[in-house]
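One structure below.
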Amino acid sequence: MAHLSSKLVKNLPTKLLQSRSISSSRLATALLPPSERKSSQMPPKEQLAFGRTFSDHMLKIEYVNGRGWGDPMIGPVEDLRISPAASSLHYGMKAYKSLSDPNDLRLFRPDLNMKRLSNSMHRLSCPGYDFDREELIRCIAELVRVDKDWIPQGEGYSLYLRPTVISTHPYLGVCSPESLLLYVITSPVGPYYKSGFDPVRLTADTEYVRAWPGGTGNAKVGGNYAPTMLAAEDAAKRGYSQILWIFGPDDEVTEVGAMNVFFFLRKQDGTKELVTPPLTRGDILPGVTRQSIVEWTRSWGEFEVNERTITLPEIKQAADENRLMEAFGAGTAAVVTPISCIQYKGEDIEIPATGELTKRVFHDVMGIQYAHCLCLLSQHASSFTSPPSITSKRLTSPAHCKSSLQISTTASNASSEYDVVIIGSGIGGLCAAAICTLYGYSTAIFETHYAPGGAAHGFTAKAPGIDGAFQFDTGPSFFSGLNPDIEAKASNPLRTALDAIGETVECHKYTTFGLKFPEGDYVHTTSFGMPNGVLDQVSGPSAVNQWSELMRRMEPLEAAVAAMPTAALRFDIGAVLTAGQFLPNFASTNPLENLKLTRPFSDVVDGAVSDVFTRNWIDLLCFCLSGLPASGTITAEMGLMLGEFYAPGAVMDCPIGGAKAIVDALVRGVEKKGGEIYLKSRVDEIVVEDGKATGVKVENGKKIIKAKKAVISNLSVWDLFNSGIISNNNAFPDDFVRERKATPVGKSFMHLHVGFEMARNELSKLQPHYMYIDDWSRGVKAEDNAVLLSIPSVHDETLAPPGHAVLHIYTPATEDYARWEGLDRKSDAYKKLKEERSQYLWTVLEKIIPDIRSRAKLVQVGTPLTHERFLNRHRGSYGPAIIAGEGSFPFPKTPVAGLLLCGDSCFPGIGVPAVAGSGILAANSVGLESVGKQLELLKGLRK
């Protein structure tokens, strides 16, 4: 985006198009240069005073009668330049609504906020009130994306958005305005009440009136607030946080100035009732948080939820009779705030503070705002069915409950042209984008899912009655070589990508994991094959000697793997410069021995190991890494892994925050170099013209995005050639398509995610991972035989509420998709099969945590259909089952110019190293112009 001078920025918003509606497609930006932005000067979050600090940019849209809404413009925050005769200054002609955007870039129910803004404008007779609400949301989303660095980290902190509409009509008389300015400013804030979630004390004012029937109390207008300031100041002097406004001779409760109110009562007959005053009289603002709470609590079916008149005398009577159980307020800024006291006619009505319902509602609201929306998916599945998006914001329910909005803009806001377009944001796609942006290519990723990361993304969920959320990894949690405190290996592609973009992942180092085998229970360490190690304990000195011989034979092969950094490889003449400089590293290696790298690992094992247990262990290691035993796993892959496992001083890494922390680091790296990531943005078609990939179609084929240099597909090989996404399959040779479609599909897997109760001292007695085998004689590929268990909470206490932990346990590549094929996920047959097929995992889990079922507070079962749907895995597959020596991976190039591949279908192996390496290779293959940048990268990595 171009950087314009401040003087020019001031002139830009005056250019108006003759259009009635707001349109995000005409959104223009005039951003401050990075050197002039002040996000680094934001005060510490604990010092943020509400509405005192503002971000760098604002959104402005002008309206003029007869011409309609002009071009939306995001530019620097600046003083407004309006006529001193503007009618807004004389008759309160403005309407505004606040949206809260917490630290994970989500907007809370923006559709309802825009509806209220429109209604408030209509109430004030503002023209243009019938603007396109969704288009304005898109513009606001872009503003937040631009100023995302202003979002303070931490629950309770957010970027407060203030959309405002003022009249700019220079006229002193009383009339509807002829011109308007809509602008949006943003402000980083902490909790609205300095006490945070602590209870507030209110006073019921019997002297002043906030609003009245037929007035503007149900509209968000400035005239409702200025008259309340005098009473609020008086309340503060007397030790009360806010005014509880009442109306009429019976002292009917209306609202607090900054929030709606709820009372949780036990009625005379003993039944429970949640009451909030009704909106029917028109003197209460229809709060978005209020509506959400009414809808959620009604969906629980646990007590009555009524919008009815309630008076202060009724509240006092309920308190006197110990029937007033809780009271709380709710609003955009206040979120959910407990109320401990209401002063009424000189007497304090004391209320039990911070009850269970208040805490439950608070955590549900915060859970959605801070990207814990899966808590509602898991606990209220009948009411909430799908994650949100910019174009489909609704979490459908009987009450039409809508949730947060992920603000990574969709394809509708993408530019019409980039150097590189990447389909899919798995680790492969993110690594490709990271390197492409580093090389200076304008790059955009289009992701169908609501979160980046592919099979490595994380999700959160909540359990009833437990404060806080559980955070799970959807896929890998076994990592090594990531810790920034340890020297990087050139053979570790993921670390290479992170180092290249200057990003790090905080990790906890550990050296052990558990083994539960028919031979007994053991702890794996780097001394596994040494005297007194596991091999010695099971099979004796002969096995130790054989292991030593295997390691000796692997040394030159490991050296050959390390001799050529992944980042040096490319598939054009430029490799002479980038890879050629590393050829001397092979001088000390045996060329004939190096050929073994492409052969099955069993070829190496057979000549060194005869011990049955050792061979079984090697098969299990291979299977966990590639989904195949040693006879099908390529030796190069094991050359990398064995060095990470058994080198002196080798450690493994537990990313703090789970695998999502790795995804977040890659996303940061992509975006800081100008790359763009569009979520909920399915690519409908790869456009192929004259034998070259020239771009993609999105938004149901309505929008074409050109790729000047390349389209990189992170799709699986089956999805690429079977889904119809390629506009012209004839561009590929028939035998190429047949070969790719015939790529063998690895089996799927069953998966349990469990949030459970366990103290830290108990967790310290567990291992972070366990490998389990039931019967070696059945083979590692047998169904219900091999199991992997990860308990990341052993080393990372941030993943679960205090006193709790998370785990995930799964069967790697042994679940047959055929038994699930065609099942309706809502059918009884599916639920029954899901229950049956998860029992083996429970059985294994109980061998490690015997009372896990009683400890479990949250359980989610993943099936092949789950993986197919949420991870976009073809037939829920664990990955391609390409057998070393019989088949080969295609690497990034295709017969279609400009179409490159990355992901686990085009690089040896199916784990994180494989997909990360594939992304780097794809980026290196975009064009010869990147050779210079690639050489700079390699030079930097050597330092």
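Sequential numbering from 1 applies to the sequence shown in UniProt numbering. Ideal Cβ positions, reconstructed from N, Cα and C, are used throughout, including at glycine.
Cβ-based burial, residue i [other Cβ within 10 Å; buried from 16]
{"i": "G701", "result": "exposed"}
{"i": "R290", "result": "buried"}
{"i": "Q47", "result": "exposed"}
{"i": "Q934", "result": "buried"}
{"i": "residue 954", "result": "The structure shown does not extend to residue 954, since the chain spans only 1 to 943, so no value can be given for it."}
{"i": "V174", "result": "exposed"}
{"i": "R740", "result": "buried"}
{"i": "I705", "result": "buried"}
{"i": "A497", "result": "buried"}
{"i": "P34", "result": "exposed"}
{"i": "S777", "result": "exposed"}
Given residue i as reference, the closest of the options once Cα atoms are compared
{"i": "A141", "options": "L59, T164, L180", "result": "L59"}
{"i": "P493", "options": "M42, V926, P43, A922", "result": "A922"}
{"i": "R81", "options": "C126, R52, I166, P33", "result": "I166"}
{"i": "N483", "options": "A500, V787, V505", "result": "V505"}
{"i": "D664", "options": "C431, L324, Y240", "result": "C431"}
{"i": "D111", "options": "E503, L899, I137", "result": "I137"}
{"i": "K781", "options": "G898, E868, S631", "result": "S631"}
{"i": "V261", "options": "G287, R495, L550, I435", "result": "G287"}
{"i": "V896", "options": "R942, I712, I677, S793", "result": "I712"}
{"i": "L766", "options": "D606, A805, I151, S777", "result": "A805"}
{"i": "R109", "options": "A258, N119, E178, E134", "result": "E134"}
{"i": "K345", "options": "T280, E207, F472", "result": "E207"}
{"i": "K516", "options": "A235, Y770, D824, H874", "result": "Y770"}
{"i": "R266", "options": "S299, T309, R323", "result": "R323"}
{"i": "S120", "options": "I486, G755, P163, R873", "result": "P163"}
{"i": "G214", "options": "F645, A231, L285", "result": "L285"}
{"i": "S610", "options": "T635, A579, G540", "result": "G540"}
{"i": "A488", "options": "I22, T866, L941", "result": "L941"}
Beta-carbon proximity check, residue i vs residue j, cutoff 9 Å
{"i": "residue 956", "j": "Q860", "result": "For residue 956 there is no data in the structure shown, the boundaries of the chain being 1 and 943."}
{"i": "S55", "j": "T186", "result": "yes"}
{"i": "F571", "j": "K115", "result": "no"}
{"i": "E302", "j": "V275", "result": "no"}
{"i": "W842", "j": "L833", "result": "no"}
{"i": "V717", "j": "P880", "result": "yes"}
{"i": "I466", "j": "K45", "result": "no"}
{"i": "S477", "j": "G454", "result": "no"}
{"i": "G669", "j": "S442", "result": "no"}
{"i": "L810", "j": "V794", "result": "A small fix is needed here, since residue 810 is Tyr in this sequence, not Leu. Their beta carbons are not under 9 Å apart, which means Y810 does not touch V794 by this criterion."}
{"i": "T526", "j": "A647", "result": "yes"}
{"i": "L625", "j": "I427", "result": "no"}
C-alpha gap between residue i and residue j, whole angstroms
{"i": "A575", "j": "L569", "result": "6 Å"}
{"i": "I351", "j": "S340", "result": "5 Å"}
{"i": "L124", "j": "Q41", "result": "39 Å"}
{"i": "M638", "j": "G911", "result": "12 Å"}
{"i": "F528", "j": "K847", "result": "23 Å"}
{"i": "G475", "j": "R360", "result": "29 Å"}
{"i": "H751", "j": "E689", "result": "42 Å"}
{"i": "G927", "j": "A693", "result": "14 Å"}
{"i": "R760", "j": "I342", "result": "41 Å"}
{"i": "residue 1000", "j": "W617", "result": "Summary: the structure shown does not reach residue 1000, with the chain confined to residues 1 through 943, and so no result is reported for it."}
{"i": "V305", "j": "P278", "result": "12 Å"}
{"i": "S415", "j": "L143", "result": "16 Å"}
{"i": "P556", "j": "L595", "result": "12 Å"}
{"i": "E78", "j": "F131", "result": "25 Å"}
{"i": "S195", "j": "M259", "result": "Model confidence at S195 stands at a pLDDT of 48, short of 50, so the residue's coordinates are unreliable and nothing is read from them."}
{"i": "E62", "j": "S25", "result": "16 Å"}
{"i": "Y129", "j": "G282", "result": "19 Å"}
{"i": "N714", "j": "F870", "result": "15 Å"}
{"i": "W300", "j": "H753", "result": "24 Å"}
{"i": "G502", "j": "L899", "result": "28 Å"}
{"i": "F891", "j": "F582", "result": "20 Å"}
Are there three or more Cβ pairs, one per stretch, closer than 8 Å when the stretch 511-528 is compared with the stretch 657-666? no
Check whether the stretch 312-323 and the stretch 342-350 are in contact - that is, three or more C-beta pairs closer than 8 Å. yes
Can at least three beta-carbon pairs, one atom from the stretch 67-78 and one from the stretch 18-38, be found at a separation below 8 Å? yes
Is the stretch 675-689 touching the stretch 441-449 in the sense that three or more CB pairs, one from each, lie closer than 8 Å? yes
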